[in-house]
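Residue numbers (my numbering), protein chains in the order written: chain A, 574 to 688; chain B, 2 to 114.
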């Protein structure tokens, strides 16, 4: 129940295309869903996040779509660029302990944007 | 610049030896975390700490130990009891506010042979 399942494992898209990465969860107590972006040899960095009271959130070229009834959420990258090539992780958390959060991460998607 | 420093970037050890990974932050964050990253498995939580002198086991704590004697520092020891220690280890920190983002270091790649 604590798992977050992410797909696909890898994705190759041409420049300008719209890669879509999907995640699904079981635990209805999750109430925060961030996406992290990781470049090779670096630590992940927060990209965008959503709470379940909204169905969509946009930040620049990145959009999260959230379907609470289906317990699924996805990341869309508009007008993708070679610089977006990275590994993307979805995650989910619920309030556990004051002062810390226990994020459950998906398995990751290695995205390649070809020029 | 504020951030998280992990050292060393690469670490090699012989099987049966304990090894300690360093993590220092100057973000004044209360919470600190250790994650393990393996290909195709995402990030898995090893230990976390909300406050100095207190820490909690994560999902895969067996074979690991931590300490939190200073707010800025959260070292991780990989003991000889960890069956598959070769991995990429990531340290992170966050403020005390709920859903505040995790700030990650650039990781330490540990190879045990």
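Every residue gets a Cβ at the ideal spot worked out from N, C-alpha and C, and that includes glycine.
CA-CA distance, residue 688(A) to residue 69(B), rounds to 46 Å. Within the stretch 44-111 of chain B, complete beta strand (DSSP E) segments of at least 3 residues are found at 44-52, 55-58, 65-67, 77-79 and 88-95, given in chain order.
Rounded to the nearest whole angstrom, the CA to CA distance from residue 38(B) to residue 47(B) is 10 Å. With respect to the C-alpha of residue 76(B), the residue from 14(B), 113(B), 106(B) and 43(B) having the closest C-alpha is 106(B). Sixteen is the threshold: since fewer than 16 other Cβ atoms of the shown chains lie within 10 Å of the Cβ of residue 633(A), the residue is exposed.
Per DSSP, the unbroken beta strand (DSSP E) holding residue 33(B) starts and ends at 32-38.
In the three-state scheme derived from DSSP, where H, G and I count as helix and E and B as strand, residue 607(A) is classed as strand.
Using a CB distance cut-off of 8 Å, residue 654(A) does not count as an interface residue toward chain B. DSSP places residue 597(A) inside the beta strand (DSSP E), whose first and last residues are 593-598. Any Cβ of chain A closer than 8 Å to the Cβ of residue 44(B) would place that residue at the interface, and such an atom is present. Exposed is the label assigned to residue 589(A), since fewer than 16 other Cβ atoms lie within 10 Å of its Cβ.
In this structure residue 606(A) is not in contact with residue 594(A), their Cβ atoms being roughly 12 Å apart against a cut-off of 8 Å.
It is roughly 8 Å from the alpha-carbon of residue 614(A) to the alpha-carbon of residue 108(B). Listed in chain order, the non-local C-beta contacts of residue 110(B) below 6 Å within the same chain comprise 11 and 89, local neighbours out to five positions each way being set aside. For residue 656(A), the number of other beta carbons within 10 angstroms of its own is below 16, and it is reported as exposed.
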